[in-house]
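Numbering (the numbering used here), first residue to last: 1041 to 1492. Every residue, glycine too, gets a C-beta built ideally from N, C-alpha and C. Take a look at the structure set out below.
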Ligand code: SF4
């Protein structure tokens, strides 16, 4: 692939946005592996040709086409899409047509750099004449990741529901793996069992996603939980419980975070990581919250012309949030009779935690809202240590660290920051080992949180 330096700003308008996915192959970057594969399966059940991009294979391309100042996830995803395009060009030769693909790259409306990834990647893609037809499908937090416009309007709500359930089931599978692996009968059994079950659940979503046959999906999830749980050795005593928060991509992308959960487990931990659906709930909550604020201001200032819009948003985002929290509760309830998996904190509760202790404000936004409050909850519940995982220089995560680190010193709860970029840090394992020593001391002194 040859690149050129001609910039075309029109393509931000024409080739970044929401596109009909029925006409093109939809390329989804792999973040948390399990959830992404289930999401793609849910898309396929609606007739969308969705594929997960192989990840980390194109790191050399990602690094070659970024300056080094971008966030690490931007470099990884840049490499993933360029690598895939190169492979497709080689495979299809003269028949390759970049217009046949939509590359999925969501964005946030601020205040950090996430909103700029797809613009930057657009510039890079346009610098390759053969790739300028590739569209970037940009879902945004500004409308709570609405899927409107990507398939027929009358099926959008169903696609959203099925996709959300796929993400929650992906979270449950992740938590199942982290719950079982520290106690497996033989090394490797838990990974093997989850991997086998992933195929089964992918097939489940392809068959039952579109019809919203959730009973069928949940019944199969229960079978998976039983199967994976069977590799646990009940004789192994409980281990120190570590709560993990941080930037969503890094903390869920195993290669990007150099498999930090496995490293913690190697040094004696059981880990609970923040979930992906927590972030989706947060975006709906934020939209709902801002509609409430807008409504209040309109009434106070007698600006009745905007009232209708605020009310419409209030019902739409409130409805989304209600549905999501209801489904999430339902799924965790189905599996909680089989195994004690940690549940998510409700986002409104996390806002209350921040308010009560005056630590940060949801008005400022970003994942810091979830991470700071999430860690305060882990402490209250009796976790033995906390880890903050993030890309090197990530703004919300550094803010989180600045607020939480002194508090954890005061509470005497072990705390570890683990920033990552494309290099590997020689001292990381010693830091994890030291942290786990402290967590073990905390565990011996105070016991640990019992998940119900
Ligand atoms: S959350 Fe962090 S890593 Fe993600 S765009 Fe913002 S600053 Fe970059």
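| Asked | Found |
| --- | --- |
| Beta-carbon separation (whole angstroms), residue 1011 vs residue 1425, contact threshold 8 Å | The structure shown does not extend to residue 1011, since the chain spans only 1041 to 1492, so no value can be given for it. |
| Other residues of its chain near residue 1095: CB distance less than 6 Å, five sequence neighbours each side excluded | 1070 and 1120 |
| 8 Å Cβ cutoff, residue 1427 in contact with chain C | Of the protein chains in the structure, only one exists, and it is not chain C. |
| Cβ neighbours of residue 1086 in the same chain (closer than 8 Å, five flanking residues each side left out) | 1191, 1195, 1198, 1199, 1202, 1249 and 1250 |
| Any non-hydrogen atom of ligand 1 within 7 Å of residue 1435 CB | yes |
| Per-residue DSSP class, three states only, for residue 1178 | coil |
| Distance cut-off 7 Å: residue 1322 Cβ against heavy atoms of ligand 1 | no |
| Any non-hydrogen atom of ligand 1 closer than 7 Å to residue 1409 Cβ | no |
| Nearest-angstrom Cα separation, counted from residue 1187 out to residue 1338 | 28 Å |
| Residue(s) in a DSSP beta bridge with residue 1313 | 1284 |
| Straight-line Cα distance separating residue 1102 from residue 1161 | 10 Å |
| Opening and closing residue of the beta strand (DSSP E) in which residue 1249 lies | Note, residue 1249: premise wrong, no beta strand (DSSP E); not H, not E. |
| Three-state class that DSSP yields for residue 1112 in the structure shown | helix |
| Spatial neighbours of residue 1317 in its chain, beta-carbon cut-off 8 Å, leaving aside the 5 residues before and after | 1204, 1207, 1208, 1211, 1364, 1368 and 1384 |
| Stretch-stretch touch, CB-based, cutoff 8 Å, three pairs: the segment 1230-1241 with the segment 1342-1350 | no |
| Check: residue 1278 C-beta below 7 Å from any heavy atom of ligand 1 | no |
| Option nearest residue 1137 by Cα separation, candidates 1146, 1153, 1144 and 1127 | 1127 |
| Range covered by the beta strand (DSSP E) that runs through residue 1427 | 1425-1431 |
| Limits of the alpha helix (DSSP H) - the one that residue 1363 falls within | 1347-1376 |
| 7 Å Cβ shell around residue 1140 - same chain, five flanking residues per side excluded | 1064 and 1065 |
| Residue 1147 beta carbon near ligand 1 (any heavy atom closer than 7 Å) | no |
| Contact check, residue 1432 vs residue 1459, beta carbons under 8 Å | yes |
| Residue 1291 CB to nearest heavy atom of ligand 1 below 7 Å | no |
| Inter-residue spacing [alpha-carbon to alpha-carbon] between residue 1073 and residue 1323 | 21 Å |
| Residue 1073 - DSSP class collapsed to helix/strand/coil | helix |
| Cβ-based neighbour list, residue 1076, same chain, cut-off 7 Å, excluding 5 preceding and 5 following | 1068, 1070 and 1092 |
| Any non-hydrogen atom of ligand 1 within 7 Å of residue 1069 CB | no |
| Segment contact flag, the segment 1284-1301 with the segment 1427-1444, C-beta cutoff 8 Å, min 3 pairs | yes |
| Any non-hydrogen atom of ligand 1 within 7 Å of residue 1431 CB | yes |
| Cβ pair residue 1217, residue 1234 closer than 8 Å | yes |
| Sheet register partners of residue 1068 (DSSP bridge) | 1092 |
| Buried or exposed (CB count within 10 angstroms, at least 16 for buried), residue 1486 | exposed |
| Residue 1403, buried or exposed, once every other Cβ within 10 Å from all chains shown has been counted against 16 | exposed |
| CB-CB length for residue 1379 against residue 1219, believed under 8 Å | 6 Å |
| Backbone CA spacing between residue 1474 and residue 1450 [nearest angstrom] | 19 Å |
| Continuous alpha helix (DSSP H) stretch holding residue 1211: start and end | 1193-1220 |
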